[in-house]
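Numbering of the sequence shown is given in the working numbering, commencing with residue 605 and proceeding in unit increments. Single-structure report; data block below.
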Amino acid sequence: METMVAYCGIICSKCPVYLATQADDDQAREDVARLWSKQYGMDIKPEDANCDGCLQTNGQLFSHCRVCGIRSCGMEKKVSTCAVCADYACDQLKAFHSIAPHAGRMLEKLRLK
């Protein structure tokens, strides 16, 4: 499987929501909804856990990705990821990376290429 990286640096192709969607695995959707609801203090339902990757424009998107400011900004600026944005790393991205440091490390890795 090809590595798919979201604007923010999350590796979509390794995301449990993406994997559950691609495998059409209802149990995995329930598991990730329960885990993320607890971990992030959000009310995530299994039906919210469907995603074909944040870079998609016509596919399914995880409920948060539909309203994600980082995704909207990346699409508006027509960048492949925030790693190549002239405004890297903006306050919005820094705030996200404070709760998802693995995504920040991925963007730093991409910036070195």
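We put the CB at the ideal spot given by N, CA and C, even for glycine.
Range covered by the alpha helix (DSSP H) that runs through residue i
i	result
residue 639	630-644
residue 707	705-715
residue 674	673-681
Sheet register partners of residue i (DSSP bridge)
i	result
residue 609	615
Cβ-heavy atom distance, residue i to the ligand ZN, below 7 angstroms
i	result
residue 693	Ligands displayed in this structure: none; no statement on the ligand ZN is therefore possible.
Which of helix, strand or coil DSSP assigns to residue i
i	result
residue 625	helix
residue 700	helix
residue 691	coil
residue 652	helix
residue 684	coil
For residue j and residue i, believed in contact at Cβ under 8 angstroms, the rounded distance
i	j	result
residue 666	residue 677	Residue 666 to residue 677, Cβ: 17 angstroms. No contact.
*Any chance the segment 706-715 sits against the segment 613-623, with 3 or more Cβ pairs inside 8 angstroms?*
yes
*Just checking, does the segment 626-643 make contact with the segment 691-701 on the three C-beta pairs under 8 angstroms criterion?*
no
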